[in-house]
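This report concerns only the one structure given below.
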Amino acid sequence: MQGTERKVLYAALILMLVFTVLLVYASMGLGITLPTCNDRVVPFNDEKVISKENNHFEVHYIARMWSFEPAELILPENAEVDFYVSAIDVDHGFLVPGTNLNLMGIPGTVNFAHHRFDRKGEYMVICHEYCGLNHHNMMGKIKVLASEEYTRKMQELTSSHLSAGAELIEDRQCSSCHTSDGTEGLGPTFKGLYGSHRTMADGTEVTVDEKYMIDSIRNPDKQIVKGFEPGSMPPPEVPLTDQEINEIISYIKSLK
Amino acid sequence: MFSDTDYKFQIEKKNRFVLAAMLVIPMLLLVLGVFEGMLQTLYRAGYIRSTSFLGIEYYQGLTLHGVINAIVFTTFFEVVFGFVIIAYYLRRPVQSRWLIVSFAVMLFGTLMAAFPMLTGKASVLYTFYPPLKASPLFYLGAAILIVGSWIAYFSWIPQYITWRKENSGKKTPLAVVGMLSAFTIWFACTLPVAYEVLVLLVPWSLGWTKSIDVVLARTLFWFFGHPLVYFWLLPTYVMFYVMLPKIAGGKLFSDGAGRIAFMSFLVLSIPVGLHHQFADPGINASFKWLHMILTFAVAIPSFMTAFTVAASMENAAIARGGSGLFGWWKYLPYFDKDRWLFSYLFCGLVLFFFGGITGIINASGNMNLTIHNTSWVPAHFHTTIAGPVFLSFLAMSLFLLCQFRGVSVPFPKMNLWTPWLWLLGVSIFSTGLSVSGILGEPRRTNLGLSYGNPGTDRYVASWHMWDVMGAIGGIIMFLSTVLFFINFFAALFAKSKQNPGEVQFPTSEAYHDEQIGWVRNFKPWVIVMVVAILIAYVPPLYQVVTGKQQKAVPYLPWNPLPENKK
Numbered sequence: 001m002q003g004t005e006r007k008v009l010y011a012a013l014i015l016m017l018v019f020t021v022l023l024v025y026a027s028m029g030l031g032i033t034l035p036t037c038n039d040r041v042v043p044f045n046d047e048k049v050i051s052k053e054n055n056h057f058e059v060h061y062i063a064r065m066w067s068f069e070p071a072e073l074i075l076p077e078n079a080e081v082d083f084y085v086s087a088i089d090v091d092h093g094f095l096v097p098g099t100n101l102n103l104m105g106i107p108g109t110v111n112f113a114h115h116r117f118d119r120k121g122e123y124m125v126i127c128h129e130y131c132g133l134n135h136h137n138m139m140g141k142i143k144v145l146a147s148e149e150y151t152r153k154m155q156e157l158t159s160s161h162l163s164a165g166a167e168l169i170e171d172r173q174c175s176s177c178h179t180s181d182g183t184e185g186l187g188p189t190f191k192g193l194y195g196s197h198r199t200m201a202d203g204t205e206v207t208v209d210e211k212y213m214i215d216s217i218r219n220p221d222k223q224i225v226k227g228f229e230p231g232s233m234p235p236p237e238v239p240l241t242d243q244e245i246n247e248i249i250s251y252i253k254s255l256k
Numbered sequence: 257m258f259s260d261t262d263y264k265f266q267i268e269k270k271n272r273f274v275l276a277a278m279l280v281i282p283m284l285l286l287v288l289g290v291f292e293g294m295l296q297t298l299y300r301a302g303y304i305r306s307t308s309f310l311g312i313e314y315y316q317g318l319t320l321h322g323v324i325n326a327i328v329f330t331t332f333f334e335v336v337f338g339f340v341i342i343a344y345y346l347r348r349p350v351q352s353r354w355l356i357v358s359f360a361v362m363l364f365g366t367l368m369a370a371f372p373m374l375t376g377k378a379s380v381l382y383t384f385y386p387p388l389k390a391s392p393l394f395y396l397g398a399a400i401l402i403v404g405s406w407i408a409y410f411s412w413i414p415q416y417i418t419w420r421k422e423n424s425g426k427k428t429p430l431a432v433v434g435m436l437s438a439f440t441i442w443f444a445c446t447l448p449v450a451y452e453v454l455v456l457l458v459p460w461s462l463g464w465t466k467s468i469d470v471v472l473a474r475t476l477f478w479f480f481g482h483p484l485v486y487f488w489l490l491p492t493y494v495m496f497y498v499m500l501p502k503i504a505g506g507k508l509f510s511d512g513a514g515r516i517a518f519m520s521f522l523v524l525s526i527p528v529g530l531h532h533q534f535a536d537p538g539i540n541a542s543f544k545w546l547h548m549i550l551t552f553a554v555a556i557p558s559f560m561t562a563f564t565v566a567a568s569m570e571n572a573a574i575a576r577g578g579s580g581l582f583g584w585w586k587y588l589p590y591f592d593k594d595r596w597l598f599s600y601l602f603c604g605l606v607l608f609f610f611g612g613i614t615g616i617i618n619a620s621g622n623m624n625l626t627i628h629n630t631s632w633v634p635a636h637f638h639t640t641i642a643g644p645v646f647l648s649f650l651a652m653s654l655f656l657l658c659q660f661r662g663v664s665v666p667f668p669k670m671n672l673w674t675p676w677l678w679l680l681g682v683s684i685f686s687t688g689l690s691v692s693g694i695l696g697e698p699r700r701t702n703l704g705l706s707y708g709n710p711g712t713d714r715y716v717a718s719w720h721m722w723d724v725m726g727a728i729g730g731i732i733m734f735l736s737t738v739l740f741f742i743n744f745f746a747a748l749f750a751k752s753k754q755n756p757g758e759v760q761f762p763t764s765e766a767y768h769d770e771q772i773g774w775v776r777n778f779k780p781w782v783i784v785m786v787v788a789i790l791i792a793y794v795p796p797l798y799q800v801v802t803g804k805q806q807k808a809v810p811y812l813p814w815n816p817l818p819e820n821k822k
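So the sequences go chain by chain: A and B. Take the first sequence: its position 154, counted from the start at 1, is 154 in my numbering, and no numbers get skipped. When you read off a place in the second sequence, starting at 1, and then add 256, the result is the number in my numbering.
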C-alpha cells in the first residue's frame, strides 16, 4: 500500500471509531437503547393500560390486521410509559413520529420500549411494516393532556363507558375493514351507513335499515353491494348473539 | 475508450445469442419493474388515490418492483457479466454447456415466481416475511433462480484453478478477483435463505407444517439480505477499479487497494445482517451491537475505494492537462460520446457518496430508531442499488449488447443524457423521501389512501410536499429509463456493422502496481470469512432457535383471519 492510502485508511478507521464511541454514549449516557430479548411479559391477546404510581404507566399494545389496541391512548403530561407490543397475526410496525419509539411487532414475541412524554399533544402510532392489503389504514393515536385535563377526561370516560357495540366491533375485527370515522377501508365505513341508500349487484336499490344490517352481519353473501365480490367479508368466526347484534347496530346508528 | 493494447475476444454465435437473451429477457421485465416504481411515487404523493392502477394492486406492484429490479435483473446481469469477464480475462472460451444450463434454470425459476406475482398470489413484497403467505410457486421460483446462478459460479471455479496452474506466479486479473469475490459471497449468503425457503417456507406454504418461527425466518432472511447488497455492488466495483480509470484516460491509482478491498468484502459482507433487525424483539441487543461494529468495519473498504477511484480520476485528469488541488476536476470526460461509460459510472459515484453516508446512519443502532422502516430507507437504497449499481448494470448491458451484435450505440447523444437525467431524478426523489422519512413517514405504504389524502383524518400535511418532490424525481427517473430502453432495444434490432461478438473491455494499467502476497490467494480469506460468519451468527441463531417465542400460523394479505379458519 502506498503512503497516502495508508493515511486514508487510518482516517477511515478513526472516523468509524469516533462514531462507535458516540453511539455507546447515546446508549449508556442518553439511554437510547435497542430492543432486546424480553421475558418479563409473555405474548398476550388483551390490550391493557395499567396506571402505576408517580405518573408511570404500563401499556400492552395489540397490533393486528389492521388496527392498534388501544386505538386511542390517553396519557397525562410527563407520563413515563413502558410499552409492550404484541403482534397477534402478522408482522407489524410501531412507530410514533417525534419520539424514539420505533419497534417491530413480531408474532410470538413481545417487544419493549420506554418513553417519557414531556410534550403535550396528539401523537400518531403508525404501522410501518407491510401487514396486508389494508396496511395503509393501520394507525392509532396517543393523546397527551395537561394533568388537570387528563383527570377530567378519565372521570368522563368511566361515567359514560364506551358502548358495548363499539367494543364488539373491535373484538370481532369488524374494524379491520370498516372504519368508524368515514375513512375508506376495505369495506364501507360505518359512519353514516345507517339510513343510506346502496345499489346491489343486481341493480336494485335498498335502504340500509335494521333488517338489512342483521342479514348482512349474519350472512354477508346474501346481498352483494355493487362493486364488491361475494366472499369479501368473512362471516363471524363465532356466531354473534341477537343481543350482540343489537348492540352493534345501536353503535352504528350513533355514527352519523 | 480502448487502446490497441486491449485484448480482443471473439464470442461464438451460439454463446452470444444466449448471453444476449439473458440480457434482453430481464430487461423486458425491467420495463414493468421501473414503471411500477414510478407508480409508487404517484400513489405516495396522492396523485393516484386507489388500491390499484391498470389492474395491478399497490402492494402487488411494489412486490414486482422489488423482485424484478433487485433480484431478477441484477442476478441475470451478473451471471452474464461473470461469464464474459471470466472468459475475457482468463483468455478461455465461454463454456456453452454451463451457460445454457444456468440460463435455462434461472429462466424457469423466474417464470415460476412471476406467475403468482402477476396473478396477485404473492403480494408479500421482496422480503416475503412470514406469516404473510404467498403461493409456494413464488418461494420455489426464487430458490430455483438462485440455484441457476450457482451453476454459473461452479462452472467458473475450475477455469480459475486451471488458469492459476498454468500461470503460477502471475497475479489473477483484478476483474476476475472481483467477480469471484461477488459470487463467493453470493453462494455463502444464499445458503441460509435457501434453508429458509426450502425447509421453513415451502412446507408451511403448502400446509404440510402448521406454523413457523417468524424470528428465525427473519434472521435467516437478513443473513442473506445484506450480503446481497455487496453481491450487487462488487461488479460495479470491478468497473470502477478496472475500467473507469482507463475510460477516463488514466491509470488505476493502486492495484493493491483493489485486491485488499475485494478480500475485505469477502470477509466482512456477511456477518452484518442483524443491523436490519435493530428494532426486532427476540434478539439480544448485544448481538445487534456486534453486527453494528462489523457493519462499520465493512464501510472501510468502501472508504478506500472512494479514495482510490478519486485518485485514479485525478491521474486521468492530469494526463488530460488538468492541474491544481481541485482544478483537475474540470478535465474529466463528463460529456464525451466516445467515453459514454464514464458518464454512467461517474453519476453513480456521485449518488454513492450520499448512499454511503446515509448507510452509516442506518447502521448506527440508536440513530436507526429515528428512521427504521420510514421512507428514509428507500431514499438510501435508491442512492446505492439504484445509484452506482443500477447505472453501471444498465451501461454494461448496453455496452455488451452492442458488442455481441456488432453495432454502435444507436442514439449516442440521448445515451449521454440518460445517466445525468437519472442522477437528477434520484437526487430529487431521495431528498424528498429522506426528509419525509425523518418526519416519520412509513415506507411500503399506499399513502394516497391515508396519510397523503386530505380527505381523511390520517392526512399529514408536513409530509405531503416531500412526497410531491418524490413524485417529481420518480417521473424524471422513469423518463431516464425510457431513454435507456429506446437505445437498448434499438441496439437489439440495429443492423450489424462491425464484427459481431468481438468483445473488448477498457482495462486500466496500474499506477502503483504493488506486489502484495497476502491478497493473492482466495483460500485463507475464505477461511477467515467462514470463521467471521460463525462468530457473528452462531450465538444469535442459537438464542433464536432456543428462544421462547411462539410459532405463527399463515395469513393471506387480504384476510385478517388465519388462513385455515376461512
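Where is the CB? At the ideal position from N, CA and C, for every residue including glycine. Computed from a predicted model, the values in this text were never measured in an experiment.
Run of the beta strand (DSSP E) containing residue i, from where it starts to where it stops
i        : result
Ser510/B : 508-510
Arg64/A  : 56-64
Glu170/A : No beta strand (DSSP E) contains Glu170/A, which is instead part of the alpha helix (DSSP H) from 164-171.
Met139/A : 139-145
Gly93/A  : 92-95
Ala766/B : 766-768
Cβ distance (whole Å) where residue i is taken to contact residue j below 8 Å
i        : j        : result
Ala444/B : Tyr382/B : Contact flag wrong, Cβ pair sits at about 20 Å.
Met294/B : Gly704/B : With a Cβ gap of about 14 Å, Met294/B and Gly704/B do not count as contacting.
Arg300/B : Gly708/B : 6 Å
Element boundaries [alpha helix (DSSP H), containing residue i]
i        : result
Asn671/B : 668-694
Leu103/A : Not the alpha helix (DSSP H): Leu103/A falls in the beta strand (DSSP E), residues 102-105.
Met495/B : Where Met495/B is concerned, there is no enclosing alpha helix (DSSP H), given that its DSSP letter is neither H nor E.
Met733/B : 717-749
Pro372/B : 352-374
For residue j and residue i, the rounded distance between their alpha carbons
i        : j        : result
Ile304/B : Met785/B : 47 Å
Tyr212/A : Ser254/A : 17 Å
His161/A : Ser67/A  : Because the pLDDT at His161/A is just 47, under 50, the model does not fix this residue reliably, and the point stays unresolved.
Met519/B : Phe480/B : 19 Å
Pro501/B : Leu601/B : 11 Å
Ser764/B : Thr4/A   : 20 Å
Leu145/A : Leu75/A  : 6 Å
Pro97/A  : Leu522/B : 38 Å
Phe364/B : Leu101/A : 44 Å
Leu13/A  : Val336/B : 36 Å
Glu167/A : Val125/A : 20 Å
Leu401/B : Phe333/B : 13 Å
Ala87/A  : Asn134/A : 16 Å
Leu695/B : Trp719/B : 7 Å
Glu58/A  : Phe112/A : 11 Å
Asn820/B : Arg348/B : 55 Å
Pro795/B : Pro491/B : 32 Å
Val682/B : Ala79/A  : 42 Å
Ile62/A  : Tyr345/B : 58 Å
Tyr409/B : Phe273/B : 20 Å
Gly121/A : Pro710/B : 20 Å
DSSP bridge partner residues for residue i (one or two, in chain order)
i        : result
Asp82/A  : Glu58/A, His114/A
Val206/A : Arg198/A
Tyr811/B : Leu388/B
Val225/A : Met200/A
Ser51/A  : Phe57/A
Met124/A : Lys141/A
Ala87/A  : Ala63/A
Ile312/B : Phe309/B
Q: Can you give me, in chain order, the residues of the stretch 549-581 of chain B that have a beta carbon less than 8 Å from any beta carbon in chain A?
A: Ile549, Phe552, Ala553, Ala555, Ile556, Phe559, Met560, Phe563, Thr564, Ala567
Q) What residues in the stretch 518-542 of chain B bring their beta carbon closer than 9 Å to a beta carbon of chain A? A) Gln533, Phe534, Ala535, Asp536, Pro537, Gly538, Ile539, Asn540, Ala541, Ser542
**Q.** Where the stretch 12-30 of chain A meets chain B: residues whose CB sits under 7 Å from a CB there
**A.** Ala12, Leu13, Met16, Phe19, Thr20, Leu23, Ala26, Ser27
(Q) Counting only Cβ-Cβ distances shorter than 7 Å, please list the residues of the stretch 156-187 of chain A near chain B, keeping chain order. (A) Gln173, Ser176, Asp181, Thr183, Glu184
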